[in-house]
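S.K.: Residue numbers (my numbering): 26 to 261.
The structure's right below; bear with me while I get my questions together.
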Amino acid sequence: MGHDAQILASNDGGKSWSKQFEDLKREAPLLDVWFKDLDTGFAVGAYGALLSTVDGGQHWEDVSERLDNEDQYHLNSIAQVKDAGLFIVGEAGSMFRSSDQGQTWEKLEGPYQGSLFGVIGTAQPSTLLAYGLRGNLFRSSDFGDSWQPIELKGARGPVEFGLASATLLAGGSLVLVGNGGSVMRSNDDGETFEVFNRPDRISLAGVTGNLQGNLILVGQGGVRVTSPTGADTTQQ
């Protein structure tokens, strides 16, 4: 997904891609996508965009009116929260949750008024993390009813860089990455994090794990396969 509300899809593991959707009139990027199964999913993006599909992305419907988002704040991320529902975060600390798989949404008053770039559900029921500008990270164990700030502190002091992406690994560990080469890992469901500052201090935009237990980092300079802490890079 990207500018002009484009959505691309692959049916062969990423070897080839085809355009599923484009809205040139919208002139706004889509920023995240989530699928319940092969057919049902949502995409979120700039100016409050919320799109829905029930046929694997062959057709998309604009369902932005389901959100109480009069200011049309950008929606940056959507995620599933275990045994609870769906959660959206975005610009100006905006938060929305749904307990019926996206049919209706409730607007929440969040703990932070700056931009939130991402949200991720943890391995525990009703538990999630929301993260954004200047190292701001918040944890909720009740599907967003209440929030606790999580301190991120490394060898160089508190993390004050923007947090860009997160992943839940197979064993239940959580990894966050962001600007300034920060790689943060939690083995206690997001209550605490160990911070590793990469010496190259490259900005990181994405993270996932591989079958060997290592991390795949995406950002400035391309793709790197690293140790589980984010060290020992091999540029691809």
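For glycine and all other residues, C-beta sits at the position ideal for the given N, C-alpha and C.
The structure displayed is predicted, hence computed values, not measured ones.
Please classify E131 as buried or exposed, where buried requires at least 16 other C-beta atoms within 10 Å of its C-beta.
M.R.: If you number the sequence shown from 1, residue 131 lands on position 106. So E131 ends up on the exposed side.
S.K.: Distance check for A104 and D110, CA to CA, integer angstroms please.
M.R.: Here residue 110 refers to the residue found at position 85 of the sequence shown. Here residue 104 refers to the residue found at position 79 of the sequence shown. In the sequence under discussion, the amino acid at residue 110 is Gly, which differs from the Asp named in the question. Near 9 Å, if we compare the C-alpha coordinates of A104 and G110.
S.K.: Would T147 and L229 qualify as a contact pair, given that the criterion is a beta-carbon distance under 8 Å?
M.R.: Within the sequence shown, residue 147 is the residue found at index 122, counting from 1. Within the sequence shown, residue 229 is the residue found at index 204, counting from 1. Not a contact, by the Cβ cut-off of 8 Å.
S.K.: Indicate the three-state DSSP secondary structure (helix, strand or coil) for R210 in the structure shown.
M.R.: As a working note, residue 210 is residue 185 in the sequence shown. In this structure, R210 counts as strand in the three-state DSSP scheme.
S.K.: Which word fits S165, buried or exposed, when buried means at least 16 other C-beta atoms lie within 10 angstroms of its C-beta?
M.R.: The residue labelled residue 165 in the question sits at position 140 within the sequence shown. Buried, by the Cβ-count rule.
S.K.: Assess, as a yes-or-no matter, whether the region 166-176 is touched by the region 234-241 under the definition of 3 or more beta carbon pairs within less than 8 Å.
M.R.: Result no; under three Cβ-Cβ pairs closer than 8 Å.
S.K.: I'd like to confirm the pairing. Which residues does DSSP put opposite R164 in its beta bridges?
M.R.: As a working mapping, residue 164 is identified with position 139 in the sequence shown. BP columns for R164 point to L154, Q173.
S.K.: With a threshold of 16 other CB atoms inside 10 Å of the CB of W42, please say whether the residue is buried or exposed.
M.R.: For this step, residue 42 is matched to residue 17 along the sequence shown. Classification for W42: exposed.
S.K.: Between the beta-carbon of G215 and the beta-carbon of G187, is there less than 8 Å?
M.R.: If you number the sequence shown from 1, residue 215 lands on position 190. If you number the sequence shown from 1, residue 187 lands on position 162. Not closer than 8 Å, so no.
S.K.: Select from V184, L193, T65 the residue whose C-alpha is nearest the C-alpha of N235.
M.R.: Within the sequence shown, the letter at position 210 stands for residue 235. Here the closest residue by C-alpha is L193.
S.K.: What residue ranges within the region 94-158 form continuous beta strand (DSSP E) runs of no fewer than 3 residues, ordered along the chain?
M.R.: You should have 100-106, 110-115, 120-123, 131-133, 141-146, 153-157.
S.K.: In terms of alpha-carbon separation, which member of Q83, Q45, L100, L92 lies closest to A262?
M.R.: Nothing can be reported for residue 262, as the shown portion of the chain is limited to 26 through 261.
S.K.: Helix, strand or coil for N222? Go by DSSP, reduced to three states.
M.R.: As a first step, residue 222 is located in the sequence shown; it is residue number 197 there, counting from the start. Of the three classes helix, strand and coil, the one that applies to N222 here is strand, per DSSP.
S.K.: Whose CA, out of V58, A34, T129, L75, lies closest to the CA of Q97?
M.R.: Taking the first residue of the sequence shown as position 1, residue 97 is located at position 72. Considering only alpha carbons, the answer is L75.
S.K.: Helix or strand or just coil, what does DSSP make of S43?
M.R.: By one-based count along the sequence shown, residue 43 stands at place 18. Strand, per DSSP.
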